[in-house]
Amino acid sequence: MKPLSPVEFNLSLLEEGFTAQDTVDQTIKDCSMGDDRDAFYVCDLGDLVKKHVRWAQALPRVTPFYAVKCNNSASVVRTLATLGCGFDCASKVEIQLVESLGVAPSRIIYANPCKQASQIKYASARGVQKMTFDSEVELLKVARCHESAQLVLRIATDDSNSMCPLSVKFGATLKGCRTLLRRAQELSLDVIGVSFHVGSMCRDPSTYTQAIFDSRCVFDMAEEFGYKMNLLDIGGGFPGSEDVKLKFEEITAIINPALDKYFPMDGGVRVIAEPGRYYVASAFTLAVNIIAKKVILREQSASNDEEEEDDEASEKTMMYYVNDGVYGSFNCILYDHAECLPVLHTKPKPDEATYTCSIWGPTCDGLDRIAEHCTLPDLPLGDWLLFENMGAYTVAASSNFNGFATPEIHYVMSRPGWKCMQQISTRGMPAPVEEAGPACVAASCGRESAVDLPSKHCQNRVV
Ligand SMILES: *Cc1c(COP(=O)(O)O)cnc(C)c1O
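Heads up, the sequence shown is in UniProt numbering, so the first residue is 1 and it goes up one at a time.
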């Protein structure tokens, strides 16, 4: 195999002792020499490598198929391809992107239950077999366009506890599954498994347990129609940063025992997942520049008769205008319910006064607001604000509305990260470190629950 080159990944290797944060600082320094202070990203591709290792440790039975829609930058997709991930593609163009990086069609799942016929034909021509469905009409289409498809039945989940529910749009009910399986059988189509997506930013991990249990029911149901299914796809929704209520390992501590219970290791079922934000969220830091500012005096806005009079800080509020907004990178605020709060690039002095302020994007639309309330010192024009955890659903859906370009992305990786990626790509994942934690939790959960579903009591103990 030919050795990997950083050039292919469009990345700079960091010198020893340097971090992605140093690249942010250096880029700011370089920009500040001239007038050009465009917003920019720094992406630490080494963070993806770390996430991959963490995945293998937390979910050793589950192969990740990265959801390309979350961030389709070529460097990200190439890094994940090198690490051996599979890919969840939802369209012809996403399939083309992944193929162009040399990924075999067997590593792709066309995970869009409602596809255009011509794109199904494309998948067929390219040898992409695995694809999801949740309706009879889709089955008829697949029968016409891709006879040898390996179909995966997408089921609905109870996503009432997720920030971004998906079952309003996709997923068959358990009752509907019977009809669909019968129809697939009549059409002589192959159904190889079940998929679900609990919705993104799920706040109740028992949703996964229920969905895994429901999947088991569908596997059993499929046997009545002569299908011996062998693929379970547990979807996405795993958090990609640490600023969340429910941590990744808290979720996996619920998933693993459920898998072992309903899909035991020796049952011949391969388990995959479709993580998106998990891999990319924390790798990207966005730096934006303050291009305009308004100071609003208290008298002008609200009454100032009450308790805060003595405090000088309360006498004015600020409006900062920066050079990226909700029509650009911050579309995640509208589409992904993200909350974005800045970190100051220049650290404030300990006694520096702070003010309530709002942060606005550069377009002429009133909707273009990044933060309604935050507390910052009095910042001059030209200062930089940093936004961390900006890798998921940001650049992917960013527009150039009003003539504002998508920020440039600087890709970096540490040398140890680079070495680790090379090792994984040539020799596979290092054997997971056996720790007592998760395995013990799994065992105790299984023992205590007599009923089919682990009881609430048991789940609480697991968390
Ligand atoms: C969007 C999507 C994902 C990824 O969701 P994340 O919350 O980013 O993990 C996975 N699978 C399907 C089918 C999706 O639509």
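In this text, a Cβ means the ideal position worked out from N, Cα and C, and glycines have one as well.
Take the alpha-carbon of Ala-125 and the one of Glu-138: they are about 18 angstroms apart.
Bridge partners of Asn-402 according to DSSP: none are assigned.
In the three-state reduction of the DSSP assignment, Ser-414 falls in the strand class, which pools E and B. For Arg-183, same chain residues with a beta-carbon under 7 angstroms away, outside a window of 5 residues either side, are Glu-136 and Leu-139 in chain order. Excluding the 5 residues flanking it on each side, Cys-374 has same chain C-beta neighbours closer than 8 angstroms at Leu-341, Pro-342, Thr-356, Cys-357, Ser-358 and Ile-359, in chain order.
In the structure shown, Gly-237 falls within a coil segment according to DSSP collapsed to helix, strand and coil. The straight-line gap separating the alpha-carbon atoms of Gln-116 and Glu-147 is approximately 16 angstroms. A straight-line Cα-Cα distance of about 42 angstroms links Ser-188 and Val-49. When the alpha-carbon of Ala-81 is set against those of Pro-348, Gly-102 and Lys-245, the nearest one is in Gly-102.
Scanning Asp-35, Met-131 and Cys-85 for the CA closest to the CA of Leu-231 turns up Met-131. Per DSSP, reduced to three states, the secondary structure at Pro-105 is helical. Placement of the Cβ of Pro-205 at a distance of 7 angstroms or more from every heavy atom of ligand 1 is found. The DSSP-derived three-state label of Phe-225 is coil.
In chain order, Asn-389 place their CB closer than 8 angstroms to the CB of Asp-243, counting only its own chain and leaving out the 5 sequence neighbours on each side.
For the set Val-280, Asp-22 and Val-53, the Cα lying nearest the Cα of Pro-430 is the one of Val-53. Restricting attention to Glu-249, Tyr-227 and Gly-226, the CA atom closest to the CA of Gly-237 is found in Glu-249. Around the beta-carbon of Pro-416, fewer than 16 other beta-carbon atoms lie within 10 Å, marking it exposed.
When the alpha-carbon of Val-42 is set against those of Cys-70, Lys-69 and Val-76, the nearest one is in Val-76. The beta carbons of Val-395 and Ser-329 sit about 6 angstroms from each other, so the pair counts as a contact at 8 angstroms.
Proximity to Ala-273 across Gly-193, Pro-348 and His-345 peaks at Gly-193, based on C-alpha coordinates. Looking only at Cys-217, Lys-245 and Ala-222, the smallest Cα-Cα distance to Asp-204 is reached by Lys-245. Secondary structure note for Met-265: it is in no alpha helix (DSSP H), with a DSSP letter that is neither H nor E. Judged by DSSP in its simplified three-state form, Asp-88 adopts strand. The criterion of a C-beta distance shorter than 8 angstroms is satisfied by Lys-121 and Cys-145. In this chain, the alpha helix (DSSP H) harbouring Val-77 covers 74-83.
Collapsing the DSSP output to three states places Met-429 in coil. Less than 8 angstroms divides the Cβ of Asn-71 from the Cβ of Ala-392. Between Thr-79 and Met-421, the C-beta gap is smaller than 8 angstroms, which places the two residues in contact.
Checking the 7 angstroms criterion, the Cβ of His-373 is out of range of every heavy atom belonging to ligand 1. No residue range can be given for Glu-274, since it is assigned to no alpha helix (DSSP H) and is classified by DSSP as neither H nor E. Look at Asp-134: its beta carbon is at least 7 angstroms from all of the heavy atoms in ligand 1. Taking C-beta atoms under 8 angstroms as the contact rule, Leu-334 and Val-322 fail to qualify, at a distance of about 17 angstroms.
Around the beta-carbon of Ala-405, fewer than 16 other beta-carbon atoms lie within 10 Å, marking it exposed. In the DSSP assignment, Gln-150 falls within the unbroken beta strand (DSSP E) covering 150-154. Shortest gap from the CB of Pro-60 to any heavy atom of ligand 1: 7 angstroms or more.
With contacts defined as CB atoms closer than 8 angstroms, Ala-287 and Phe-40 qualify as a contacting pair.
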